[in-house]
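Undergrad: So the sequence lines, in the order shown, correspond to chains A and B.
In this text, residue positions in the first sequence follow our numbering: the first is 1, and each later residue adds one.
In this text, residue positions in the second sequence follow our numbering: the first is 262, and each later residue adds one.
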Amino acid sequence: MRLTRTMDILNLSSTLIASTEGGEAHHGADFVNVFGYLALVLIVLFTLLSIAKKGFTGRVFKGYLAGASEQLYLFLENMVVGTIGAKGRQFIPFIATFWLVIFVSNIFSLFFTHAPTADLSFNLGMALISIGYVQYQGIKSNGVLGHFKHFAGPKMTGVLVLISGMLFMIELVSEIMKNLSLSLRVFGNIDGGHQAAEAISTVVGGVFHMSWVPAGTLLVPIKLLTCLVQAMIFSLLTCVYISLVTHHEHDDHGHEAAGAH
Amino acid sequence: MYNFIGYGIAMLGVAIGLGLIGYGAMQGMSRQPEAIGKLQTVMLIAMAFVELIFLLTLFLGKSLIGG
């Protein structure tokens, strides 16, 4: 029963992919487009990072890119440590990878017709990795039973156990919907930007007969803001999910300590 | 055509929600300028959740109604 419900939700997400890719059921994602642009994104990313790494050889950081990457690291460290706490320092590489890939690919979406993050399947893959890692960390810090007991909410007695069961189901569904929400958010913002630019160009070309004016380009400044915010929100929400899962034991102790005060 | 009216109503609600979040965050920031960093983070998370409602409306409407 629970399995079929899960399968229904997974089917819903594949229906969503199909409906956004032209309404044909299971046409399948365009692998060449996604992977070609993903390869381009990774080439740009690794080139920039290897140039930045050259500046780290001396006792001081030399070069513009090295300084910029240091600032980026400090920003991400501040975000991770502020959300998860001092324990969260081990998650910085994971979070920074997400941030860099999403940000560079969002920047690509400003200049190209396709980008990896403008495709729901790529975003869903990233969300599955993120939520899967969150489950792994939860199991690692609380144990398998502790992690799943955590879904059932506070301890109930007697008939109230039924409520625990209901809570467990709701939490399970919400855990699965986290994948959908993480992926849909990035996809909707980036692909929505593409569609808005296309619509503005259509209006200017069709109504005002000035198709030589690249009017959709006027949206680039506000889309730049969206790029930055979406990259930040994906990594921030991953941080929040990790902190919710790993901090629970700690929080309980905190409550006891607060009661003792 | 009706789905466009529905999208408009959804957009209205989301705009009101985003406005309320911005209003609250700005009031908090002006009252307590030293908490700006924390408030911005929480504001962005709240804005992301409100925005998601509209995206869900859009895609569920697209896939269920077929508009």
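C-beta atoms are modelled at their ideal positions from N, C-alpha and C, and glycine is treated no differently.
Please read these numbers as outputs of a predicted model, since none were measured by experiment.
Here's the rule I'm using: 16 or more other beta-carbon atoms within 10 Å means buried, otherwise exposed. How should Pro116/A be labelled?
TA: As a first step, residue 116/A is located in the first sequence; it is residue number 116 there, counting from the start. Buried, by the Cβ-count rule.
Undergrad: Rounded to the nearest angstrom, how far is the Cβ of Tyr268/B from that of Leu319/B, given a contact under 8 Å?
TA: In the second sequence, residue 268/B corresponds to position 7, counting from 1. In the second sequence, residue 319/B corresponds to position 58, counting from 1. About 7 Å separates the two Cβ atoms, so the contact holds.
Undergrad: Whole-angstrom Cβ separation of Ser130/A and Phe98/A, contact assumed at under 8 Å?
TA: Taking the first residue of the first sequence as 1, we reach residue 130/A at position 130. Taking the first residue of the first sequence as 1, we reach residue 98/A at position 98. Right, the Cβ-Cβ distance comes to about 7 Å (below 8 Å), so this counts as a contact.
Undergrad: Against Arg185/A, what residues of chain B qualify as contacts under a CB-to-CB distance less than 8 Å, listed in chain order?
TA: Taking the first residue of the first sequence as position 1, residue 185/A is located at position 185. Result: Ala309, Glu312, Leu313, Leu316.
Undergrad: Thinking just about the alpha-carbon of each residue, which of Gln71/A, Asn142/A, Phe112/A, Ile84/A is nearest to the one in Glu198/A?
TA: Numbered from its first residue, the first sequence carries residue 198/A at position 198. Minimum Cα distance to Glu198/A is reached at Phe112/A.
Undergrad: Which of the three DSSP states, helix, strand or coil, is assigned to Trp99/A?
TA: The residue you call residue 99/A lines up with position 99 of the first sequence. Here Trp99/A sits in helix by DSSP.
Undergrad: Any chance the segment 302-310 of chain B sits against the segment 270-282 of chain B, with 3 or more Cβ pairs inside 8 Å?
TA: A contact exists between the segment 302-310 of chain B and the segment 270-282 of chain B.
Undergrad: Tell me which residues of the segment 157-189 of chain A have at least one Cβ-Cβ distance to chain B shorter than 7 Å, keeping chain order.
TA: Within the segment 157-189 of chain A, the residues whose Cβ lies closer than 7 Å to some Cβ of chain B are Ser181, Leu184, Arg185, Gly188, listed in chain order.
Undergrad: Which residues of chain B have a Cβ atom closer than 8 Å to the Cβ of Met303/A, listed in chain order?
TA: Only positions 1 to 261 of chain A appear in this structure, which leaves residue 303/A out of reach.
Undergrad: Just how far apart, CA to CA, sit Val81/A and Ile242/A?
TA: Stepping through the first sequence from its first residue, residue 81/A is reached at position 81. Stepping through the first sequence from its first residue, residue 242/A is reached at position 242. Roughly 12 Å separates the two Cα atoms.
Undergrad: Is Glu198/A near the ligand GDP, in the sense that its beta carbon is under 7 Å from a heavy atom of that ligand?
TA: In terms of ligand content, the structure shown is empty, and the ligand GDP therefore cannot be addressed.
Undergrad: Would you identify the three-state DSSP class for Phe112/A, choosing helix, strand or coil?
TA: For the purposes of this step, residue 112/A is taken as residue 112 along the first sequence, with counting starting at 1. In the structure shown, Phe112/A sits in coil (DSSP, three-state: anything other than H, G, I, E or B).
Undergrad: Spell out whether any CB of chain A is found under 8 Å from the CB atom of Leu319/B.
TA: On the second sequence, residue 319/B is found 58 positions in, with the first residue counted as 1. Closer than 8 Å: yes.
Undergrad: If Asn106/A and Cys227/A are in contact, beta carbons under 8 Å, what's the gap, nearest whole angstrom?
TA: In the first sequence, the residue the question calls residue 106/A occupies position 106. In the first sequence, the residue the question calls residue 227/A occupies position 227. Asn106/A to Cys227/A, Cβ: 4 Å. Contact.
Undergrad: If you drop the 5 nearest sequence neighbours on each side, which residues of the same chain put their C-beta closer than 8 Å to that of Gly138/A?
TA: Position 138 of the first sequence, counting from 1, holds the residue named residue 138/A. His147, His150, Val245, Thr246.
Undergrad: Using the Cα positions of Pro214/A and Thr202/A, report the straight-line distance between them to the nearest angstrom.
TA: Start at 1 with the first residue of the first sequence, and residue 214/A comes out as number 214. Start at 1 with the first residue of the first sequence, and residue 202/A comes out as number 202. The straight-line gap from Cα to Cα measures roughly 10 Å.
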